[in-house]
Each structure stands twice: as C-alpha cells, then as structure tokens.
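What follows is a single structure, written as structure tokens, with notes after it.
Residue numbers (my numbering): 14 to 260.
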C-alpha cells in the first residue's frame, strides 16, 4: 500500500512535464506535416521520431535527478522517510513513475507520427509499405529496440540517483562529488561488465532482426550483468537514502 501511494504521488508530481512534452510532439508533427512538401523524408523521420525519443530519454534521466533534488530542497525528505517504508522502495517508486510515463510518451510519439505523417504520406512513402511487408522481422526489431531503450534509460536513472545521493553525503563540493560518482559508476560498470559477462557465456543468445544475414545474435550476458548492477545500486541507493536522513 505504501509503495502504491508513493507511486501515485510521484506520478502526479511529474506527469505535467510529460504531458506538455506530448502536446509539443503533436504540434511538431503537425508542423512537419505542413512542411512535408518542402523537407526531405529523412529529415521528417528524424524530427518526428528520432529526436523526440532521444529527448524524452534525456528528460527522464533529468527527472530522476530532480525528484531527489526537490525532496532535499523542500525538506520533504524527512517527512517522506518517516513513513514505514524502506529507502529502496521509495526510490523504486520514483523510478517506476518516471518509466511508466516514459512508456506512455513513447507510445504517444509513435501514435502522433502515425496519424500526422505516416498516414498522410502513405502513398508517397512506399518504403513504409515495404517494411510492413516484413512484419515478423519488423516486430522483432521493434520489440528488442523497445526493451533495450528502456533498459538503458533505467540504468542511467539509477546511476543518476546514486550520484546524487553520494553528493548528499558531504557538506561541500556536492556537485564535484556527484560528477565523480557518476563517472566512477559508469567506469566501474564498463570494467566489470566484460569480466562477469564471460562467466555468463553459457546463457542463451538473443536473435535480433530477420532471417539469415538480415539478423544477428546478441549475447545476454552483458545485459544480465547490468541488470544485477541495477538491482545492487537500487539497494545501495536505498541504504544511502535512509542513512542520509538519520544524519
């Protein structure tokens, strides 16, 4: 029950940002629709799909930092941790709220693109019809791209939470400590992941793409290692979260 209430609280606090972004995406797609006769199709695809997906991922990572920063800035952190809930659950609720909104915006970007550009330019964009004719391969690629996108974003948010909490353990030069912690966490992940991935070489591979040479096998070892790092950092973040409140 406590986790659900925290999840709703975080959802209400950050959804306006994602709502404004969704409206901006729709307005941008309308503008691109009117400019479709002037601009190249590649430019339209980048502005309506690639850039929004990259930007909302960056926004989500920034929200992960802002959520904790606002708690300390308003001193609501002490009231929050007075609840009978562990620190890792508090951070997990914040993470779950932002990822839920991220998934919603991702679907909205795809829907907005479909209704404003894809359908309007259906007759001209013959390549889209060609892609859809390979439906199984396309679905395979989209699904793997979807979870990989979310996986990287979740990892980045957890790293940002870790860096922020490290900064709260010192009285001065917080920004410097945050930066050092962020870089160190990334460096440690890049160093440890290949070593541990070699121990998991027996795990099944993931097939991405179509048949034959149109696809490729991807080892699951590195993803399992990063997933374990995410779980470990989430617990460590919760521990530091509780300790900071006690200081």
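Backbone N, C-alpha and C fix where the C-beta goes; we use that ideal spot for every residue, glycine too.
For this session: Could you tell me the boundaries of the alpha helix (DSSP H) in which residue 70 lies?
Result: From DSSP, the alpha helix (DSSP H) with residue 70 extends over 64-86.
Problem set entry | C-alpha gap between residue 221 and residue 233, whole angstroms | Straight-line spacing of the CA atoms in residue 221 and residue 233 works out to 12 angstroms.
Exercise. Cβ of residue 101 within 8 angstroms of Cβ of residue 248?
Worked result: Going by beta carbons, residue 101 and residue 248 fall inside the 8 angstroms limit.
Exercise. Does the count of Cβ pairs from the stretch 167-187 and the stretch 238-247 closer than 8 angstroms reach three?
Worked result: Touching, per the Cβ criterion.
Problem set entry | Own chain, CB closer than 6 angstroms to residue 260, minus 5 neighbours either side, in chain order | Unreliable positioning characterises residue 260 in this predicted model, as indicated by a pLDDT of 42, which lies under 50. The coordinate reading is nonetheless provided below. A distance below 6 angstroms between beta-carbons, with the five flanking residues on each side excluded, links residue 260 to no residue of its chain.
For this session: Could you name the residues of the same chain whose beta carbon sits closer than 8 angstroms to that of residue 205, not counting the 5 residues immediately before and after it, in chain order?
Result: So the qualifying residues of the chain are 238 and 242.
Problem set entry | Residue range of the alpha helix (DSSP H) that includes residue 45 | Per DSSP, residue 45 belongs to the alpha helix (DSSP H) from 15-47.
Exercise. Considering only the beta carbon of each residue, do residue 24 and residue 103 sit closer than 8 angstroms?
Worked result: Cβ distance not < 8 angstroms, so residue 24 and residue 103 don't count as in contact.
For this session: Measure the CB-CB distance between residue 114 and residue 177 and report whether it falls below 8 angstroms.
Result: No, these two residues do not count as a Cβ contact at 8 angstroms.
Exercise. Near residue 109, what residues of its chain come up, given a Cβ to Cβ distance below 6 angstroms and the 5 sequence neighbours on each side ignored?
Worked result: Correct list, in chain order: 20.
For this session: Rounded to whole angstroms, what's the CA-CA distance from residue 92 to residue 70? Just pull it up for me.
Result: Residue 70 has its alpha-carbon roughly 30 angstroms from the corresponding atom of residue 92.
Problem set entry | Which of helix, strand or coil DSSP assigns to residue 229 | Correct three-state label for residue 229: strand.
Exercise. How would you label residue 118, buried or exposed, when you count the other beta carbons within 10 angstroms and need 16 or more for buried?
Worked result: With 16 or more Cβ atoms within 10 Å of its Cβ, residue 118 is classed as buried.
Exercise. Do residue 163 and residue 122 have their CB atoms nearer than 8 angstroms?
Worked result: Not closer than 8 angstroms, so no.
For this session: Could you check which residue in 215, 217, 17 and 27 has the C-alpha nearest to that of residue 75?
Result: For the residues 215, 217, 17 and 27, the minimum Cα distance to residue 75 belongs to 27.
Exercise. Mapping DSSP to helix, strand and coil, what is residue 215?
Worked result: Three-state DSSP puts residue 215 in coil, outside helix and strand.
Exercise. For residue 217, which residues from the same chain have a beta carbon less than 8 angstroms from its beta carbon, with the 5 sequence-adjacent residues on both sides left out?
Worked result: 233, listed in sequence order.
Exercise. Residue 220 bridges to which residues according to DSSP?
Worked result: Per DSSP, 230.
Exercise. Excluding sequence positions up to five away, which residues of its chain have a Cβ less than 8 angstroms from the Cβ of residue 198?
Worked result: If you ignore the 5 residues before and after residue 198, its C-beta comes within less than 8 angstroms of the C-beta of 172, 175, 176 and 246, all in its own chain and listed in chain order.
For this session: Using three-state DSSP, classify residue 92 as helix, strand or coil.
Result: In this structure, residue 92 counts as helix in the three-state DSSP scheme.
For this session: Indicate the three-state DSSP secondary structure (helix, strand or coil) for residue 184 in the structure shown.
Result: Residue state, collapsed to three classes: coil.
Problem set entry | Spatial distance of residue 184 from residue 193 (CA atoms) | Going by the C-alpha atoms only, they are around 15 angstroms apart.
Exercise. Going straight from the alpha carbon of residue 40 to that of residue 128, what length do you get?
Worked result: Roughly 12 angstroms separates the two Cα atoms.
For this session: State the Cα-Cα distance for the pair residue 182 and residue 256, rounded to the nearest angstrom.
Result: Residue 182 and residue 256: Cα-Cα distance of roughly 9 angstroms.
Exercise. Between which two residues does the alpha helix (DSSP H) harbouring residue 267 extend?
Worked result: Given a span of 14 to 260 for the chain in the structure shown, any question on residue 267 remains unanswerable.
Problem set entry | 8 angstroms Cβ cutoff met for residue 34 and residue 72 | Contact: yes.
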